[in-house]
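Visitor: Structure incoming, see below.
Residue numbers (this note's numbering): 20 to 99.
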């Protein structure tokens, strides 16, 4: 380890500069409100898909017709 690195490690001004620099980089990488809204909408869509799949699977287990079976096959994640 060089003397410069030891000095910069113990220098409070250098530490503060590094902390401010790191924090500004974190703020620069924060998602925008639009990004957050898109992410929430994707989660909602995924949740709706899961709920629909669960409902279809429940109907299939209850024995409610071929239409539901065809729809389940069409939209199921397991049917690739």
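Think of the CB as a built atom: it goes at the ideal place given N, C-alpha and C, for glycine as much as any other residue. Predicted, not measured: the structure shown is a model, and the values here were computed from it.
1) Which of helix, strand or coil does DSSP assign to residue 49?
2) State buried or exposed for residue 55, treating a residue as buried only when at least 16 other CB atoms are found within 10 Å of its CB.
3) Quick one: what's got a C-beta closer than 6 angstroms to residue 64's C-beta in the same chain, skipping five residues either side?
4) Count the other CB atoms, across all protein chains shown, that sit within 10 Å of the CB of residue 59; report buried if there are 16 or more and exposed otherwise.
5) Alpha carbon to alpha carbon, how far is residue 62 from residue 72?
Guide: Judging by the given coordinates:
1) The sequence position of residue 49 within the chain shown is 30, counting from 1. Residue 49: coil per DSSP, three-state reduction.
2) Taking the chain shown and counting its residues from 1, the one referred to as residue 55 is at position 36. By the neighbour-count rule (16 or more Cβ atoms within 10 Å), residue 55 is not buried but exposed.
3) The count along the chain shown starts at 1 and reaches residue 64 at position 45. So the list is empty, once near-sequence residues are dropped.
4) Position 40 of the chain shown, counted from the first residue, corresponds to residue 59. The residue is exposed, with fewer than 16 neighbouring Cβ atoms inside 10 Å.
5) Residue numbering aside, residue 62 sits at position 43 when the chain shown is read from its first letter. Residue numbering aside, residue 72 sits at position 53 when the chain shown is read from its first letter. Distance between the alpha carbons of residue 62 and residue 72: 15 angstroms.
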